[in-house]
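For reference, the structure is listed below as structure tokens.
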Ligand code: C5P
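In our numbering, the protein residues as written are 128 to 438.
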């Protein structure tokens, strides 16, 4: 018996958010970016991106956090599809549907995540079968965090964040994320970091032995002690209430707290599922945060969950 497979018309990819367990910011480079030494950690807050063949290029955003996401060509996911089409010599327009659950402008790389997901989805839909290295190269041109969102897990980032190296990390980590009203612009936070440090000579950033040892041990308490973010003072300077949220989370029993990336989301590491629930309830009741989300890490990077298949 022969079976006939209908042509694939869409592909759906799930992609996680990230938090930086360590974000050490060095001097400004000649290209205007900052030299970074970071430890990325993917967490289980997910966006879903579906790409479908269409008569013309288009993009729609839906889901609990759709507000504030641009739907024109400036959206990083739209740019990802265009760049991949160019690289693969493809002339097949797609419509991109993003189901957003990652906070927008929150320091959790939501836009970069959607770009990574779009690369994987379009690669499948168009049947390009590009290597991981080829996808990573396009990803790096789109943004410093995009290669990590392809990879997921826990990884070191250097260069401007786009050069990845594996990290020996054990264990599952439980997180509570405190979301704030409004976002912070990443360039503005880097500029504020430069302003705050203008009187100092900033050294080249190097990964800390404390974080590497903590991750090898799989001990959440040690990881909590080693959390570090050079952008945190800048984010707090621009949004002082972040300091209050950090204090509140620690008072309510978190093992550690840190501004996520360039903020304003604040990430709290806790002992386990129950502690996460307790902290989420306490933070919500305190009225200091707009919304609270729980998640675990590490999570897988951008991966196909449906299709290519007929709609
Ligand atoms: O790479 P990406 O486009 O995500 O970076 C957004 C902005 O963040 C850059 O335009 C730059 O202002 C700042 N940035 C930086 N140094 C880095 C990464 C980002 O100054 N290593």
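Where is the CB? At the ideal position from N, CA and C, for every residue including glycine.
None of the values given here were measured: they were computed from a predicted structure.
Is DSSP giving residue i helix, strand or coil here?
| i | result |
| --- | --- |
| residue 391 | coil |
| residue 246 | helix |
| residue 239 | helix |
| residue 360 | helix |
| residue 285 | strand |
| residue 436 | With a pLDDT of only 47 at residue 436, under 50, the local geometry of the prediction cannot be trusted, and the value read off the model is given with reservation. Reduced to three states, the DSSP call for residue 436 is strand. |
| residue 409 | helix |
| residue 174 | strand |
| residue 404 | helix |
| residue 326 | coil |
| residue 313 | helix |
| residue 321 | helix |
| residue 350 | helix |
| residue 255 | coil |
| residue 129 | Low local confidence applies: a pLDDT of 47 at residue 129 is under 50, so the model's placement there is unreliable, and no value is given. |
| residue 198 | coil |
Our contact map puts residue i next to residue j with C-beta atoms below 8 Å; I'd like the distance itself, whole angstroms only.
| i | j | result |
| --- | --- | --- |
| residue 181 | residue 221 | 6 Å |
| residue 282 | residue 292 | 7 Å |
| residue 361 | residue 323 | 6 Å |
| residue 400 | residue 300 | Actually they are not in contact, since the Cβ atoms of residue 400 and residue 300 sit about 12 Å apart, beyond 8 Å. |
| residue 416 | residue 372 | 6 Å |
| residue 228 | residue 191 | 6 Å |
| residue 396 | residue 407 | The pair is not a contact, with the Cβ atoms about 13 Å apart (cut-off 8 Å). |
| residue 271 | residue 260 | Actually they are not in contact, since the Cβ atoms of residue 271 and residue 260 sit about 17 Å apart, beyond 8 Å. |
| residue 388 | residue 151 | The pair is not a contact, with the Cβ atoms about 13 Å apart (cut-off 8 Å). |
| residue 327 | residue 392 | 27 Å between Cβ atoms; not a contact. |
| residue 296 | residue 342 | 4 Å |
Let's see if you can read the secondary structure: which residues bound the alpha helix (DSSP H) around residue i?
| i | result |
| --- | --- |
| residue 338 | 336–344 |
| residue 274 | 273–278 |
| residue 368 | 368–378 |
| residue 265 | 259–269 |
Please name the residue or residues paired with residue i in a DSSP beta bridge.
| i | result |
| --- | --- |
| residue 383 | 396 |
| residue 302 | 396 and 422 |
| residue 179 | 137 and 222 |
| residue 165 | 150 and 284 |
| residue 355 | 149 |
| residue 155 | 161 |
| residue 142 | 174 |
| residue 430 | 141 |
Quick check on the DSSP output: the beta strand (DSSP E) that includes residue i runs from which residue to which?
| i | result |
| --- | --- |
| residue 185 | 185–189 |
| residue 214 | Note, residue 214: premise wrong, no beta strand (DSSP E); alpha helix (DSSP H) at 203–215. |
| residue 293 | 290–293 |
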